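First up is the structure itself, then whatever we jot down about it.
2 protein chains.
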Amino acid sequence: MKDMLGREELITVEKALYLLFQYVPFKMPAVKKVSIEKAYNLVTSQDIISPENLPAFNRSTVDGFAVNAADTFGATESMPAYLNIVNEILMGEEPNFALKRGEVAKISTGGMLPSGADSVVMFEYTQYIDEKTLEVLKPVSPGENVIQAGEDAKKGEVIFKTGHRLRPQDIGALAGIGLKEVEVYEKPIVSIISTGDEIVPAGMPVKPGQVRDINTYTLSCLIEESGGIPLRKGIFKDNYELIYQVLKESIEESSMVIISGGSSVGAKDVTEKVINDIGTPGVLFHGVTLKPGKPTIGGIIDNVPVLGLPGHPGAVIICFNIFVKPLILELSGTVKEKTFVRNRIIKAKINRNISSSPGREEHIAVKLEEINGELCAVPLLAKSGIITTLTQADGIVIIPVFKTGIIKDEIVEVRLF
Amino acid sequence: MKDMLGREELITVEKALYLLFQYVPFKMPAVKKVSIEKAYNLVTSQDIISPENLPAFNRSTVDGFAVNAADTFGATESMPAYLNIVNEILMGEEPNFALKRGEVAKISTGGMLPSGADSVVMFEYTQYIDEKTLEVLKPVSPGENVIQAGEDAKKGEVIFKTGHRLRPQDIGALAGIGLKEVEVYEKPIVSIISTGDEIVPAGMPVKPGQVRDINTYTLSCLIEESGGIPLRKGIFKDNYELIYQVLKESIEESSMVIISGGSSVGAKDVTEKVINDIGTPGVLFHGVTLKPGKPTIGGIIDNVPVLGLPGHPGAVIICFNIFVKPLILELSGTVKEKTFVRNRIIKAKINRNISSSPGREEHIAVKLEEINGELCAVPLLAKSGIITTLTQADGIVIIPVFKTGIIKDEIVEVRLF
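Protein chains in written order, with the numbering used here: chain A, 1 to 417; chain B, 1001 to 1417.
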């Protein structure tokens, strides 16, 4: 986007995200049924309904004696209730007897209550008189120390809504209600197009003037970590025809495309032109008030988001977390999680002054260190283009767009990687 | 551990961890070489040394003109320096000329400086007089806007120490310095032994009195998430011979063993006896001042940690995060990361009073909700044994061992799942 004088017009990060998210729903991945063993970290594509009651029977939550609560009313240490021990309930078995008034049966945590029993007295509040007779020293109310059938999940109840990412406890719950399979979204495929006349594949020797492809590796890991599947399209010269061809192919094959930009002067213009030529609406913004990451390009082609990220490796992670990660979460089908994207934060004391120009949101890589017993954020200030800065960093500190810096000893929020 | 009166002696969480970690080094997994594409999230088992300088040549960090800084000394807008444009440096190519005094060459970000040039003047501070002549309006110092060869990483420099978990930016850096492979620890294998007479495999119909195996599923996901490999040993009756056999086998096959306890009264004693009978030192503690999770058993056999966790699914995640996760990180070979285990926290306002008995550390599952524009932690209070509570939770709030509760509107730290 250029203004009337031909200068690039910068927009804020918030505006840039707003422009991209206007085009929701994006082209979503397919849905599939998977066994619950393979569903961890995937996102439900329909409401999950419990096919049965959990638990299927009234269960004790303590070790003790199954009773009829009425038989314990008024019991105290000085005036115990005396009840007959008639049976012991074995774990995993249905009691083959009914409890009559005045009777108790020994039961373990998780055991099934016999009919006639409505509560369980804990061992701690009982005393054996003999093998057949029990003193109960404290009353229980009906239902006490019992999980009722269906109390955990009722047959027909929605236990996970559409758009829920399945966590460890959720997979356990699916096992508990007897589901073998669950319908989920496939992971979104994200194509990575690496451009730049100076870039050679990693693992190759470099000639003077060349550098290896770093960003494809970093981006692949970041995409995986965010729940996507990276698709490496390769390295391309800054040439209109080549970029056109690979972008067109990528739009068809994937849910999202990242063009990791070359550094040569004309590269950004090529990327912008190709995005506009392949489909609509094309480029939505080019240039954000962000450091590092100013030359970021955002566009949409046929409901597929296309991001042009700066080639500088130090900017890649920051731009990924701001622009790409929320898009991957959207394309994963998640609902609630998206609001937590920016929330993995801890507080620390900054250990030096940092200046920043107003008018851009500045992201500073920091290292966490314990200094005099306090958690401190130590800024890693480095020249643009240095790769190893981020390898020493634990997270980033953001200086908001209208702030001119951070004073030493200020408490800052560190967004952990 | 019983005291002289035969009662279980409870110890604090800190003491329990201290007892286990006394036996470091544990039996560590093997090391292997993997390609950098497969090294993401694995932990280095030796120092990683850069085989070459990064960058390999002096690189420009801006778009502009390569110069000899001395030629710009004293240049101002009113008294510019006039220099001869002799060449343009192409991306990815070695300049085949040397810059003489009084000369400049056009260069892009990432371009290689020609010999004779020691700095780069940004475009913004230049003006063309004609195709061959440039006005420079601001001086540069030697080295300005240039990354020197080896400035990012020097040949022979340690770029990752032993015990470093490789993150996305780290994999990028490995690609950058030209490494194809890296030596890492294999992921630790963690055996899961599920016990309980009432437990049937997930996916099977349940008879009255039976419940499906939930914990194996939850534990498998948690182990995976923490960087381990779950090994499901199956479901076993609470029988000394059976548990003895499978535990002995597991000690040989894996780096750690979890026994997910059955609920029947005798089960805990069986587990304790088996751990003591198989090897030394055997059981270190049985019973911690923790709710839920009081009956946790911890032991070591031949340098392999063995944890007996309560069967109650609600306790499993909490005990996992407290006891199992730090052990898995230790067994993964990580060094720094372990100090951050308890740090994924956010602050929220609690929306009701919660009481707690002093003398135990209580873990309350909470849901995060925005109430009147504030982030609130809503406690999910449920009976022990309810499975679905944790499926609704976003994290936990800890009431420390000597605190008697939390007052409504207090700001609490929520440890996110």
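All C-beta atoms in this analysis are idealised placements derived from N, C-alpha and C, irrespective of residue type, glycine included.
These numbers were taken from a predicted model, which means no experiment stands behind them.
For residue i, count neighbouring Cβ atoms within 10 angstroms of its own Cβ and tell me buried if that reaches 16, exposed if not.
| i | result |
| --- | --- |
| PHE1073(B) | exposed |
| VAL1158(B) | exposed |
| TYR40(A) | buried |
| SER263(A) | Below a pLDDT of 50, predicted positions are generally treated as unreliable, and SER263(A), at 47, falls in that range; the measurement from the model is reported next regardless. Classification for SER263(A): buried. |
| ILE398(A) | buried |
| GLN169(A) | buried |
| ALA393(A) | buried |
| PHE1285(B) | buried |
| PHE57(A) | buried |
| ASN215(A) | buried |
| LEU381(A) | exposed |
| ASP71(A) | buried |
| VAL324(A) | buried |
| VAL1414(B) | buried |
| PRO1025(B) | exposed |
| PRO1139(B) | buried |
| ALA16(A) | buried |
Between residue i and residue j, how many whole angstroms is the CB-CB distance? I'm expecting something under 8 Å.
| i | j | result |
| --- | --- | --- |
| ILE322(A) | ILE396(A) | Not a contact, Cβ separation roughly 10 Å. |
| GLY1209(B) | GLU93(A) | 5 Å |
| THR1296(B) | PRO1281(B) | About 17 Å; that fails the 8 Å criterion. |
| VAL62(A) | ASN145(A) | 5 Å |
| ILE243(A) | THR271(A) | 7 Å |
| ARG1360(B) | PRO1379(B) | ARG1360(B) to PRO1379(B), Cβ: 17 Å. No contact. |
| LEU50(A) | GLU181(A) | According to the sequence provided, residue 50(A) is Ser. The question's Leu does not apply to it. 14 Å between Cβ atoms; not a contact. |
| LEU102(A) | ASN84(A) | Looking at the sequence itself, residue 102(A) is Gly, so the reference to Leu does not match. Contact flag correct, Cβ pair sits at about 6 Å. |
| THR1012(B) | HIS1164(B) | The Cβ separation is near 31 Å, so there is no contact. |
| ILE1171(B) | CYS221(A) | 5 Å |
DSSP three-state call for residue i: helix, strand or coil?
| i | result |
| --- | --- |
| ASP1071(B) | helix |
| SER1263(B) | Reliability fails at SER1263(B), whose pLDDT of 47 lies under 50, so the model's placement of it is uncertain and the value that follows must be treated cautiously. In the structure shown, SER1263(B) sits in coil (DSSP, three-state: anything other than H, G, I, E or B). |
| ALA16(A) | helix |
| ASP269(A) | helix |
| ASN215(A) | helix |
| THR1126(B) | strand |
| GLY209(A) | coil |
| LEU331(A) | helix |
| SER141(A) | coil |
| GLY111(A) | coil |
| THR44(A) | strand |
| ILE36(A) | helix |
| ILE398(A) | strand |
| ALA1030(B) | coil |
| LYS1325(B) | helix |
| ILE177(A) | coil |
Using a threshold of 8 Å, state whether the C-beta atoms of residue i and residue j are closer than that.
| i | j | result |
| --- | --- | --- |
| LEU1090(B) | PRO1305(B) | no |
| THR1389(B) | GLY1333(B) | no |
| LEU1137(B) | TYR1128(B) | no |
| ALA66(A) | VAL120(A) | yes |
| GLY116(A) | LYS106(A) | no |
| LEU416(A) | ILE346(A) | yes |
| ILE1354(B) | GLY1293(B) | no |
| LEU307(A) | ILE258(A) | yes |
| SER260(A) | LYS233(A) | no |
| ALA1069(B) | ASP1118(B) | yes |
| PRO55(A) | VAL1211(B) | yes |
| ASP302(A) | ILE364(A) | no |
| PRO326(A) | MET256(A) | no |
| ASP409(A) | LYS367(A) | no |
| VAL31(A) | VAL184(A) | yes |
| ILE371(A) | GLY228(A) | no |
| GLY178(A) | GLU52(A) | yes |
| THR1162(B) | GLN1046(B) | yes |
* Looking at chain B, which residues of the segment 171-185 of chain A have a Cβ within less than 7 Å of any of its Cβ atoms? -> ILE171, GLY172, ALA173, ALA175, GLY176, GLY178, LYS180
* Identify each residue in the segment 84-98 of chain A for which the Cβ-Cβ distance to at least one residue of chain B is less than 9 Å, and report them in chain order. => If the cut-off is 9 Å between Cβ atoms, the segment 84-98 of chain A has ILE89, LEU90, MET91, GLY92, GLU93, GLU94, PRO95 near chain B.
* Could you name the residues of the segment 1110-1128 of chain B whose beta carbon sits closer than 8 Å to any beta carbon of chain A, in the order they occur along the chain? => So the close ones are GLY1110, GLY1111, MET1112.
* Residues of the segment 217-234 of chain A with Cβ closer than 8 Å to any Cβ of chain B, in chain order -> TYR217, THR218, LEU219, SER220, CYS221, LEU222, GLU224, GLU225
* Check each residue of the segment 1026-1044 of chain B: if its Cβ is closer than 9 Å to any Cβ of chain A, include it; give the result in chain order. => SER1035, ILE1036, GLU1037, TYR1040, ASN1041
* To do: Check distances from the C-beta atoms of the segment 1048-1075 of chain B to those of chain A and list, in chain order, the residues that come in under 7 Å.
  => LEU1054, PRO1055, ALA1056, PHE1057, ARG1059, THR1061, ASP1063
* Asked: Using Cβ-Cβ distances below 9 Å, what residues of the segment 1203-1218 of chain B are close to chain A?
  -> GLY1203, MET1204, PRO1205, VAL1206, LYS1207, PRO1208, GLY1209, GLN1210, VAL1211, ARG1212, ASP1213, ILE1214, ASN1215, THR1216, TYR1217, THR1218
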